[in-house]
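This report concerns only the one structure given below.
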Amino acid sequence: MGAQLIDGKAVAARVREEVKRDVEAFVAEGGSPPGLATVLIGDDPASAVYVGGKQKASREVRIVPFDERHPADTSKEDVVAIVERLNADPEVSGIIVQLPLPGHLDDTEISGLVSPDKDVDGLTYASAGLLALGRPGLRPCTPAGVMVLLEEAGQQLQGAEAVVIGRSNLFGKPMAQLLLQANATVTICHSRTKDLGAVCRRADVLIAAVGRAEMVKADWVKPGATVIDVGINRTESGLVGDVAFAEVSAVASAITPVPGGVGPMTIAMLLRNTLEAARLQRSAGTVTA
Ligand code: NAP
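Going by full-length UniProt numbering, the sequence shown opens with residue 1, and the numbers climb by one from there.
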C-alpha cells in the first residue's frame, strides 16, 4: 500500500481539543458558555444514539448541551414552538433538529425554522444561500470536515481537478461549493452521469459520497490522486466505505479509511460551528459578553 493514510480520528481529536481551549478562552472573556440544543422527536434508537453522542461531545469541550426530547406524536405546532423558543433563548448558541422526523413532520420545513445564526448544521435555506454566494456563514459539518482533512493531507486545491460523486443537499452540493471557493475546478457526478469511471480518472481530488459499498475501484483513480471516502455502508464483513480501500490505496497518494476517516470529523466540526455561532451572536450583540 503506497497511499498516505489521512487519520480523521486524530485530526478530529485535535479539532476538539482546539475547540475546548477556545471555549475556555471565550468564557474567560466573560458571559455564558456556548450552548448546543438537540431536538429529538420520537424514540428512534439510532437517532437517540446520535443525539447522545453530540451531547457527550459538547460536555467534553465545555459546551452546554440542551436536551429537547419529545414524543413521536408531538404536533407540528408544538415542534414549531419548541424551535422558536430555542431560537429566542440567549443561552442556546446552536440548534440541531435530529433527522429523520416522524412522518407527520417535514424534515426540510422544520429544520428550516432554525434561526440562520444558530444553524450549526448549516443546512437551512439561508446557510445554503450564503455558501452559494460565497458569503461568510455556518457551513455543513461533514463537507467542512473534509476541507480540514484535505488541508491536513497537504492537498493543493487551487486549479486542481476535483470530482465529487453524489449531489445530496447534505453533502455533495455543499462539498462542491466549498471546493469551488478554494479555486478547484469542480465536477459533480450522480446516478445519471455517463462513464463515471472516465470522469473520476480526471480527478486530482476524488470524493465519494454515494452509499454504495466499494463502488470506486482502482482503475477509476488517477495515480497520485487524493481520495476521500464519505460513504458508510454496513456489510456482512463490517463497515466499509464507497471506495475499494485496499486496491485504491495502491494507486492514490492519500486516502481516508472507513471507519476513522471522514466520520469523526462531523461532530468535531459541529462543536466548532457552535463556538463560531456563539462568537457571531456575541459580536452581533444578540447575547451579552
Ligand atoms: P444520498 O442523499 O443518498 O445521495 C447519494 C448520491 O449518490 C445521490 O446524488 C445519487 O445520485 C448518487 N448515486 C447513487 N447511485 C449512484 C451511482 N451508481 N453512480 C453515481 N452516483 C450515484 O446520500 P448522502 O446523504 O449524500 O450520503 C452519501 C453517503 O455518505 C452515505 O453512505 C452516507 O451514510 C454517508 N455520509 C456520511 C457522513 C459522515 O461521515 N458523517 C455524513 C453524510 C453522509 P442521484 O442524485 O442521481 O440520485
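Positions of the beta carbon are idealized from the N, C-alpha and C atoms, including for glycine.
P71 versus T108: straight-line alpha-carbon distance, rounded: 19 Å
Which ranges does the alpha helix (DSSP H) cover as unbroken runs of at least 4 residues, wholly within the segment 211–289, from first to last along the chain? 245–249 and 263–284
Would you kindly check if the distance between the Cβ of P34 and the Cβ of T266 is under 8 Å? no
Return yes when at least one heavy atom of the ligand NAP lies under 7 Å from the C-beta of V51, else no. The answer is no for V51.
For a minimum of 3 consecutive residues, which ranges assigned as the beta strand (DSSP E) are wholly contained in the segment 92–155? 94–97
Return the Cβ separation of residue 290 and A244 in integer angstroms, given the expectation that the two are a contact with Cβ distance under 8 Å. The question about residue 290 has no answer, for the chain in this structure spans 1 to 289.
Where does I17 fall in DSSP's three states? A small correction: the amino acid at residue 17 is Glu; Ile does not occupy that position in the sequence shown. Correct three-state label for E17: helix.
Residues that R62 bridges to, as DSSP identifies them: According to DSSP, R62 bridges with nothing at all.
In terms of DSSP beta bridges, what is I82 paired with? Beta-bridge pairing links I82 to no other residue.
Can you find a heavy atom of the ligand NAP that lies under 7 Å from the Cβ of N273? In this structure, N273 has its beta carbon at no less than 7 Å from each heavy atom of the ligand NAP.
Taking C-beta to C-beta, are A184 and V205 nearer than 8 Å? yes
Take the Cβ of A25 as the centre, count every other Cβ of all protein chains shown within 10 Å, and call the residue buried at 16 or more, exposed below. exposed
Residue burial classification, L123 (beta-carbon count within 10 angstroms, cutoff 16): With 16 or more Cβ atoms within 10 Å of its Cβ, L123 is classed as buried.
Would you grab the beta carbon distance between G261 and A209 for me? Rounded to a whole angstrom, and I think it's under 8 Å. Between G261 and A209 the beta-carbon gap is near 12 Å, outside 8 Å, which marks them as no contact.
Which word fits A289, buried or exposed, when buried means at least 16 other C-beta atoms lie within 10 angstroms of its C-beta? Unreliable placement is indicated for A289, whose pLDDT of 48 sits below 50; the coordinate value is still reported in the next sentence. It counts as exposed.
Whose C-alpha, out of L133, A88 and T142, is nearest the C-alpha of K118? A88
D22 in three-state terms, based on DSSP: If DSSP states are grouped into helix, strand and coil, D22 belongs with the helices.
Roughly how many angstroms separate the alpha carbons of V97 and P140, rounded to a whole number? Between V97 and P140, the C-alpha separation is close to 14 Å.
Whole-Å CB distance - L36 paired with S93, under 8 Å assumed: 7 Å
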